[in-house]
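Asks:
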Amino acid sequence: MTENDYTSSRKILSWAEEDRPREKLLLKGKAALTDAELIAILIGSGTVELSAVDLAKVILQKASNNLNELAKLTTKDLMKIKGIGEAKAITIIAALELGRRRKESEIMRKPRITCSKDGYEQIRPYLLDLPHEEFWLLLLNRANEVIRPVQISQGGVSGTVADPKMIFKVAVEHLASAIILAHNHPSGNLKPSEADKDLTRRLTAAGKLLEIPVLDHIIFTDGGYLSFADEGLL
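Take 1302 as the starting number for the sequence shown in this note's numbering and just add one per residue.
(1) So for V1515, helix, strand or coil by DSSP?
(2) What did DSSP end up calling G1525 once you bin it into helix, strand or coil?
(3) Look up V1451 in the DSSP assignment and say whether it is helix, strand or coil.
(4) Using the three-state DSSP reduction, which class does I1468 fall into: helix, strand or coil?
(5) Can you give me the Cβ contacts of D1603 inside the same chain, cut-off strictly under 8 Å, excluding the 5 residues immediately before and after it?
(6) For the alpha helix (DSSP H) that contains A1341, what are its first and last residues?
(7) Among residues of its own chain, excluding the 5 on either side of L1500, which ones have a beta-carbon nearer than 7 Å to its beta-carbon?
(8) Alpha carbon to alpha carbon, what distance is there between D1497 and E1422?
(9) Let me know the secondary structure DSSP gives A1395 once reduced to three states.
(10) Excluding the 5 residues preceding and the 5 following K1389 in the sequence, name in chain order all residues of the same chain whose CB lies nearer than 7 Å to its CB.
(11) Looking at C-alpha atoms only, which residue of L1368, G1386, L1440 is the closest neighbour of E1398?
(12) Give the DSSP-derived three-state secondary structure of E1532 in the structure shown.
(13) Taking N1485 as part of the alpha helix (DSSP H), name the residues at either end of that continuous run.
(14) Take every Cβ of the region 1370–1384, pair it with every Cβ of the region 1475–1492, and state whether three or more of those distances are shorter than 8 Å.
(15) Please list, in chain order, all residues of the same chain as S1528 whose beta carbon is under 7 Å from its beta carbon, the five residues on each side excluded.
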C-alpha cells in the first residue's frame, strides 16, 4: 500500500455508508454514535493525514477522553491541535456550552397542573391586560406537567376563531398527552357563551377519539376565571 492509498483509506468518504458519522446518525440514530463520531460531525473535516473521526479522537485524548474535561478547554487550547482552526474550535465550544445549558435547564422542574387555579396561573402572563380575545392551549405530558403554552388564534374584542384541526395538529406535533383550552374575555364577563360551550363539546369529543383528553377550558379575565371542569361543563 502506498502512502496515497493509506491516506485515501483514512478518509471518511471511503468508508461504508453506514459507518460514516452523518449517515450512521440518520440510519441508526444519535445514540449509536461514539463521542468521537459526534465531534467529527461538528468539525466536518479532518486533515491530509487524519479523517474527521481520527482527528476527533485526538481532541478527546487531549481531554483524557472525558467530555467534562473537554468542556474546560479554551479556544486557544483546541487550536494547538493540528487541524483545528478557530472556526472548528468555536464550534466545539459552542456545542459543549449548549449541552451544559441543557443540563442546567433540566434541573428546573416543569410546572404541574393539579387544579384549575394552576392552569389559570400558567396562562395568566399571556392573557393579562389584553384588549382583544386570544385562544391558547396548555400542552401537558402524562404527568400533567406543562410542555408549553401555545397561541392558537388572535381575534377582536368580542371573539376569536379556534380551529379544532389546528388545535389537535399542534397537540400531536408536540406529543401532548392532554390539553387545557383557554381564552380571555376582555369585557370581564366570566359567563361562557353558547359558542364557547359548543366548541368545548366538539373539542372534548375529538380529544377522546385521539386519546388527547381536554382536561379543562378556562375563560380568563384580569380579575378571575371560570373553569369548565369546575362547573361541570365538560
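We put the CB at the ideal spot given by N, CA and C, even for glycine.
Replies: Looking at the atomic coordinates:
(1) V1515 falls in the strand class under three-state DSSP.
(2) In the displayed model, G1525 falls within a strand according to three-state DSSP.
(3) It is a strand residue.
(4) Shown here, I1468 sits in a helix according to DSSP, grouped into three states.
(5) Not covered by the structure: residue 1603. The range shown for the chain is 1302 to 1535.
(6) Segment 1336–1344, the alpha helix (DSSP H) holding A1341.
(7) Exclusion of the five residues before and after L1500 leaves A1463 as the residues of its chain whose Cβ lies within less than 7 Å of its Cβ.
(8) Each residue's Cα considered, the two are about 21 Å apart.
(9) Residue state, collapsed to three classes: helix.
(10) Only I1344 meet the Cβ criterion.
(11) The alpha carbon of E1398 has as its nearest neighbour, out of L1368, G1386, L1440, the alpha carbon of L1368.
(12) Three-state DSSP puts E1532 in coil, outside helix and strand.
(13) First-last for N1485: 1479–1485, but that is the beta strand (DSSP E), not the alpha helix (DSSP H).
(14) Touching, no, given that fewer than three Cβ pairs across the two stretches are closer than 8 Å.
(15) Within the same chain, S1528 has close Cβ partners S1417, D1517, I1519.
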